[in-house]
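Report on the structure given below.
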Amino acid sequence: MALEEKERIIIPDENGEEHLFEILFTFDVDQTNATYIAVSPVDQIGGNDVDVFPFRYEEKVNDEDDLALYHIE
C-alpha cells in the first residue's frame, strides 16, 4: 500500500502565531459558488481526540498561494 502525501496549510491565529494544519478534505457547493475546507492540527493527527475546523475559503486573485479563510461556527 502506498502512502499519500498529505496537504498541509499554515493558518495564523488572532495573535499572529502560525499553526500547521492538515487538510482533511475540500468541496464545492455549485449553487452558492462557495468552496469549503476542513483542517485538523498536525500535532493531533493519529490521536484519539482530533479537532476539526471547517472554513469557507476563497483563493486570492493576485496570489495563487494565498487564501481568504472564513471560519464556520
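The opening residue of the sequence shown carries number 1 in UniProt numbering; numbering runs sequentially from there. Built from N, CA and C at the ideal position, the CB exists for glycine as well. The structure presented is a predicted model; accordingly, all values stated were derived computationally and were not measured.
Selection from the options that minimises the alpha carbon distance to residue i
i	options	result
GLU59	VAL39, THR35, PRO41 and PHE25	THR35
ILE23	ASN48, THR32, ALA68 and PHE55	PHE55
Sub-9 Å separation of residue i and residue j beta-carbons
i	j	result
LEU20	VAL52	no
ILE45	LEU69	no
Inter-residue spacing [alpha-carbon to alpha-carbon] between residue i and residue j
i	j	result
PHE25	ASN62	24 Å
PRO12	LEU67	12 Å
PHE27	TYR57	10 Å
ASN15	ILE72	19 Å
GLY47	LYS6	16 Å
Integer Cβ distance of residue i from residue j, believed to fall under 8 Å
i	j	result
GLU18	ILE10	5 Å
Segment limits, beta strand (DSSP E) that includes residue i
i	result
VAL29	18-29
THR32	Where THR32 is concerned, there is no enclosing beta strand (DSSP E), given that its DSSP letter is neither H nor E.
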